[in-house]
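Comments concern the structure below.
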Amino acid sequence: MVNTILLHWLDWVVIAAYFAGIVSVGLFVSRRVNKTEHYFLGNRGFSVWLILGQAFGVGTHAEMPVSLAGAVFQSGYSAIWYQWKNLFITPFYWLLGPLFRRMRRTTLGEVYEDRYGKSMGVIYTFFALAFFSFNMGAMLKGAGKLVSVAAGEAVTPNTVVIAMTATFLAYSLVGGLVAAAYTDFVQSFFIIALSFLLIPIGLMRIGGFSSIQSNVQPEMLSLVTPGDIGVFTILMLTINGLVGITAQPHMIAAIGTGKDERSCRIGMTYGNFIKRFCTIGWAVVGLIVMVLLMETGDVLADREDAFGYATRELLFPGAVGLMIACVLAANMSTCSAFTVDSGALFTQNFYRRYLAGNRSDRHYMNVGRLSGVTVTTLGVLFGLYVDIVLEAFLFTETISAFMGISMLGGIAWRRANRYGAFMSLLVSSTLFFWMTFRDYGILLRWQDWNFGLSMLAGFATLIFVSLITKPEPKTVLDAFYERLHSASCFDDSTGKEKLVTKEGHDLLIANLFDLRLNQGWKVFYGRFKVDINGFIVASGVVIGLIFLARGILLLP
Numbered sequence: 003m004v005n006t007i008l009l010h011w012l013d014w015v016v017i018a019a020y021f022a023g024i025v026s027v028g029l030f031v032s033r034r035v036n037k038t039e040h041y042f043l044g045n046r047g048f049s050v051w052l053i054l055g056q057a058f059g060v061g062t063h064a065e066m067p068v069s070l071a072g073a074v075f076q077s078g079y080s081a082i083w084y085q086w087k088n089l090f091i092t093p094f095y096w097l098l099g100p101l102f103r104r105m106r107r108t109t110l111g112e113v114y115e116d117r118y119g120k121s122m123g124v125i126y127t128f129f130a131l132a133f134f135s136f137n138m139g140a141m142l143k144g145a146g147k148l149v150s151v152a153a154g155e156a157v158t159p160n161t162v163v164i165a166m167t168a169t170f171l172a173y174s175l176v177g178g179l180v181a182a183a184y185t186d187f188v189q190s191f192f193i194i195a196l197s198f199l200l201i202p203i204g205l206m207r208i209g210g211f212s213s214i215q216s217n218v219q220p221e222m223l224s225l226v227t228p229g230d231i232g233v234f235t236i237l238m239l240t241i242n243g244l245v246g247i248t249a250q251p252h253m254i255a256a257i258g259t260g261k262d263e264r265s266c267r268i269g270m271t272y273g274n275f276i277k278r279f280c281t282i283g284w285a286v287v288g289l290i291v292m293v294l295l296m297e298t299g300d301v302l303a304d305r306e307d308a309f310g311y312a313t314r315e316l317l318f319p320g321a322v323g324l325m326i327a328c329v330l331a332a333n334m335s336t337c338s339a340f341t342v343d344s345g346a347l348f349t350q351n352f353y354r355r356y357l358a359g360n361r362s363d364r365h366y367m368n369v370g371r372l373s374g375v376t377v378t379t380l381g382v383l384f385g386l387y388v389d390i391v392l393e394a395f396l397f398t399e400t401i402s403a404f405m406g407i408s409m410l411g412g413i414a415w416r417r418a419n420r421y422g423a424f425m426s427l428l429v430s431s432t433l434f435f436w437m438t439f440r441d442y443g444i445l446l447r448w449q450d451w452n453f454g455l456s457m458l459a460g461f462a463t464l465i466f467v468s469l470i471t472k473p474e475p476k477t478v479l480d481a482f483y484e485r486l487h488s489a490s491c492f493d494d495s496t497g498k499e500k501l502v503t504k505e506g507h508d509l510l511i512a513n514l515f516d517l518r519l520n521q522g523w524k525v526f527y528g529r530f531k532v533d534i535n536g537f538i539v540a541s542g543v544v545i546g547l548i549f550l551a552r553g554i555l556l557l558p
């Protein structure tokens with residue numbers, strides 16, 4: 003068994019100081035937040051650095067190093083694909099980033115209403131609120147597990163969940179997205195550093211990469227194995243990520259709030275590449291723990307204790323506290339963003355439209371705060387219930403993928419309509435949960451074949467039902483696609499939006515069925531120049547990361 007070693011007093015001092023510091027940052031930048039546009043969206047004027055920080059910070063949670071290090075510890079290096087499932091689609095983020103800005107809405111619920119009508123807007127709102135609750139629960143429980151193990155189980159995971167929630171609510175209710183964005187940016191630097199802090203210390207402890215090569219079976223060091231993670235599983239995880247991210251409810255706030263499309267593109271793409279880079283570090287930690295346990299004879303009660311065990315065993319007093327504080331702070335800022343986003347969804351898509359349509363701006367901001375707290379409370383309850391963080395993470399991603407069928411279809415295909423959108427969600431989700439319950443007797447389980455068949459059925463249903471039912475009104479479609487075809491940016495001198503008329507800013511995804519390839523390569527490249535150039539560069543980064551992940555294990 004693992005010996006119980008309580009945190010050093012210096013660790014507690016560091017944790018307390020860090021919590022106080024991050025709350026102070028959040029409250030300091032919240033001073034001028036006094037209207038809904040600022041509270042929910044930061045006036046759509048965030049710099050590329052803040053979008054980078056948001057994309058990395060909001061997309062990187064404490065459950066990720068916890069779940070991935072645990073998965074690698076149990077299944078081998080190929081388990082990196084549980085987090086790298088979005089690696090191959092990261093270049094597509096260059097294409098998706100400007101779409102979220104061009105939607106010019108506060109929430110994706112409003113986008114669904116624009117595209118498919120009020121009923122689909124309401125359905126999306128309830129889906130999004132459930133997504134936030136499940137995701138916050140998974141994040142909070144992941145952080146709770148890490149702290150509990152690192153502290154020698156001096157505190158329980160559920161105690162950590164409750165303490166974290168009270169802390170991030172302290173500044174999110176005041177500063178909204180502005181506070182979340184700035185705290186995310188600050189935390190990003192520490193998460194990068196601390197994702198790799200364990201590695202040199204761990205390698206010195208076990209004798210370098212050569213010790214991993216000699217003690218771990220070769221098949222456990224493969225990036226692709228015929229075991230838990232095969233090529234088909236990677237393909238399904240990739241589709242899960244590509245389709246699902248278009249419907250994840252925090253994307254407009256996290257990505258679409260850049261001051262121009264360049265900020266959105268760079269922030270979304272390279273903020274996530276930073277996360278992919280850190281993922282290599284988390285995977286290596288899992289391998290280090292494999293060898294470390296062989297030497298010590300310790301036994302982990304839960305595979306997801308691996309990262310916390312490494313933190314406690316390898317880091318010195320003070321550094322353990324810093325690691326814990328940084329990971330928790332990153333989670334708190336992410337949960338803060340989710341609190342704000344869920345409040346915006348309820349306020350804009352339900353309360354303002356159906357319950358109280360003529361109230362003051364301050365009234366709606368207060369409703370957003372209260373509804374955000376309610377969704378957060380549901381997330382806490384889920385976090386207290388869930389035991390397997392990785393399964394909870396994949397569960398939330400899968401729900402968004404089924405919703406993403408209609409979002410991606412609605413952007414790329416003009417003929418998609420509300421009937422096809424609703425039926426695609428109903429068929430794909432019903433089929434998936436039926437097959438999962440049939441095979442495992444539970445609903446909280448992701449399996450590649452079940453997911454693949456469900457996605458295929460969902461897309462087929464969207465196409466078939468849309469074709470046999472009446473299309474959306476032409477005026478509605480024209481207004482929707484006019485926004486998607488119009489680039490704009492925030493003008494600092496006037497404080498307002500201005501159109502960008504320069505050639506090369508057409509979007510491939512929004513014009514998927516209007517590429518005009520018959521006009522030749524020159525015309526095609528001229529229309530989509532920004533999309534094409536950025537996609538090629540990002541694809542090169544993907545190749546580089548794969549070579550890095552493989553090559554790092556060959557080091558002495």
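Numbering-wise, the working numbering comes out as the position in the sequence shown, counting from 1, plus 2. From the three backbone atoms N, C-alpha and C, an ideal C-beta is built for every residue, glycine too. Being a predicted model, the structure only gives us computed values, none of them experimental.
Pairwise C-alpha distance: I214 and F530: 46 angstroms
For A57 and G269, believed in contact at Cβ under 8 angstroms, the rounded distance: 5 angstroms
Inter-residue CB distance, G454 and M238 (contact presumed, cutoff 8 angstroms): 5 angstroms
Residues of its chain near R104, where Cβ-Cβ distance is below 6 angstroms and the 5 sequence neighbours each way are ignored: R485 and L486
Stretch pair the stretch 115-122 + the stretch 251-271: three plus CB contacts closer than 8 angstroms: no
Where the alpha helix (DSSP H) through L98 begins and ends: T92 to R104
Assigned exposure category for I262 - 16 Cβ within 10 Å defines buried: In the sequence on display, residue 262 carries Asp and not Ile. Per the 10 Å Cβ criterion, buried.
DSSP-derived helix/strand/coil call for S490: strand
Through-space distance from I201 to T248, alpha-carbon basis: 34 angstroms
Residue nearest to G59 in terms of C-alpha spacing, selected from L12, H10 and M334: M334
Separation of A540 from R267, as counted between CA atoms: 11 angstroms
Residue environment, E505, which counts as buried when at least 16 other CB atoms sit within 10 Å: exposed
Whole beta strand (DSSP E) elements within the stretch 491-549, 3-residue minimum: 498-501
Option nearest T349 by Cα separation, candidates G422, F275 and Y366: Y366
As assigned by DSSP and simplified to three states, the class of V4: Legend: pLDDT at V4 = 44, less than 50; position of this residue unreliable, no value from coordinates given.
Through-space distance from T313 to S426, alpha-carbon basis: 44 angstroms
Enclosing alpha helix (DSSP H) for T313 [first to last residue]: A308 to L316
Straight-line gap, G99 to T438 (C-alpha atoms, nearest Å): 33 angstroms
Reference T167; option with closest CA among L501, L410, L479 and T336: T336
Distance between beta carbons of T108 and A346, contact taken as under 8 angstroms: 6 angstroms
Cα-Cα separation between G288 and V74, rounded to whole angstroms: 5 angstroms
Endpoints, the alpha helix (DSSP H) within which R264 is located: E263 to T298
Cβ-based burial, S456 [other Cβ within 10 Å; buried from 16]: buried
Collapsed DSSP secondary structure at G209 in the structure displayed: coil
Beta carbon of L9 nearer than 8 angstroms to that of V322: yes
Minimum length 3: unbroken beta strand (DSSP E) runs contained in the stretch 117-189: none
Rounded separation between R552 and G209 - CA only: 19 angstroms
DSSP three-state assignment for R552, whether helix, strand or coil: helix
Where Q85 falls, given that 16 or more other Cβ within 10 Å makes a residue buried: buried
Residue burial classification, T560 (beta-carbon count within 10 angstroms, cutoff 16): With the chain covering only 3 through 558, there is no way to say anything about residue 560.
Member of P67, I24 and F21 whose CA lies at the smallest distance from the CA of G310: P67
Enclosing alpha helix (DSSP H) for R420 [first to last residue]: R420 to Y442
Cutoff 7 angstroms; reference N242; Cβ partners in own chain excluding five residues on either side: K87, E399, T400, A403 and F453
When I413, C328, N520 and A308 are compared against V188, the one with the closest alpha-carbon: C328
Residue burial classification, Q521 (beta-carbon count within 10 angstroms, cutoff 16): exposed
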